[in-house]
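Residue numbers (our numbering): 89 to 542. No residue lacks a Cβ here, since even glycine has one placed at the ideal position from N, Cα and C. All of these numbers come straight from a predicted model, not from anything done at the bench.
Written out as structure tokens, the structure is:
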């Protein structure tokens, strides 16, 4: 029979027993030596998620390696100064407006651009049919803190604007003044959250943040536009807010062409799905107001200084000139019935064709850029938009050729939308009864190549 001293029992210890302290090592003189701390490889500046899970963080921003792989929310905690600690603590606790859950409320939220002209923006953006299930441990009203969205803003702007003048304008003019303009501030937070949601599609916190801030920005913008008079100094900030809302509505995570508005039959669903394009008319309207501003616009002043760059959603509202008409490819002129007697007033395809012909020419010469292609949406007439809404084949053909210009675009808020819509409309027109349209769909790049030889 084994005794208590037998090694079969090993050592044991009660949890309540006092812990044994290590005996200090003594130097040759009899004094205790100073113990050196054991080295470790823990990250002190890691994200909150990795710290909570007690795992090493590679500290990559905006998403660390582990959070990106696990599709979990990645938030870095900044250490504020003592005088700002209380303020930051209050900002960290952010909850959605309870009305965000009420779909009926969204139907009344509209972005008013001019008298008699309204677009339902919120119905398009506040889409609650998320393909990703909500985590059971996430509160229904929680969302990404505004402090985290603010920290991501600089990187968001650098990756959202493809031209140096555009980035410079936002960094030097828009960001320093956004605190004094609530609609603009919420628009910036919405764009930051929308990009984070693009990077982490399954994160409901980012999704709710961009939906909430878009809702608030739109409501405040409506209040500004509803004023009888708008101060000239506010026009630049209003334009910036509208620009941000346009970018947010343009962005999509949809990758299935069969889900396009082209294959919908319900009128409300079509309006909702096509709103990303329809709402761009507001930028053309506001650009006209900016051009009439006697004090000038920072958008024109800053961006016109660089002759190689056009402002995003172009400010210029010059009417098509006769030389531009000569650039229209003969095939497209025949399909759209463009004659010498045509004007923008008597032919709804006239202005879209001229805008496309300019873009073909610019692209063929190697001067094309994102900004020059985006001028199409704000400046096509309402008559063309109505034909597009009715799925008129000629309007769809011009729409497809416009989308083709973005074939090499990788910008996060543009690429997915244009690729998905292009695939849908080209498939539909490839089955047209008009042989001329089918031939254009078969090789649409021919118009760019033909311009290069002119």
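Taking C-beta atoms as the reference points, residue 451 and residue 513 fail to come closer than 8 Å. In the three-state DSSP reduction, residue 512 falls in the helix class (H, G or I). Secondary structure of residue 230 (DSSP, three-state): strand.
By the Cβ test, the segment 270–281 is in contact with the segment 295–308, since at least three Cβ pairs between them sit closer than 8 Å. In this structure, residue 425 sits away from residue 441, with a CB-CB distance that is not shorter than 8 Å. With 16 or more other Cβ atoms from the protein chains shown falling within 10 Å of its own Cβ, residue 295 counts as buried.
The continuous alpha helix (DSSP H) containing residue 359 extends over residues 355–366. In chain order, 430 and 432 place their CB closer than 6 Å to the CB of residue 438, counting only its own chain and leaving out the 5 sequence neighbours on each side. Of the candidates 317, 453 and 477, the residue whose Cα lies closest to the Cα of residue 348 is 477. Beta-carbon to beta-carbon, residue 367 and residue 261 are separated by about 24 Å, too far to satisfy the 8 Å threshold.
For the pair residue 481 and residue 317, the Cα-to-Cα distance works out to about 41 Å.
If you look at residue 488, you'll find it in the alpha helix (DSSP H) that goes 481–492. Distance from the CA atom of residue 527 to the CA atom of residue 493, rounded to whole angstroms, is 18 Å.
Counting along the chain, the unbroken alpha helix (DSSP H) around residue 154 starts and ends at 153–158. When secondary structure is reduced to three states using DSSP, residue 352 falls in the coil class, being assigned neither helix nor strand. For the segment 225–305, the full-length alpha helix (DSSP H) segments reaching 4 residues or more read 234–248, 252–257 and 270–287 along the chain. A distance of 8 Å or more separates the beta carbons of residue 236 and residue 245.
If you draw a straight line from the Cα of residue 351 to the Cα of residue 522, it comes to about 20 Å. For residue 282 against residue 361, the beta-carbon gap comes to about 18 Å, at or over 8 Å, which does not count as contact. For residue 416, the closest alpha carbon among the candidates 486, 377 and 462 is that of 486. In terms of Cβ geometry, residue 436 and residue 469 form a close pair [threshold 8 Å]. Check the Cα spacing between residue 525 and each of 421, 453 and 463: the tightest is with 421. Separation of residue 315 and residue 464 (C-alpha to C-alpha, rounded to the nearest whole angstrom) is 29 Å. The alpha-carbon of residue 445 is positioned some 14 Å away from that of residue 462. The beta-carbon distance between residue 497 and residue 506, rounded to whole angstroms, is 6 Å. This is short enough to meet the 8 Å contact definition.
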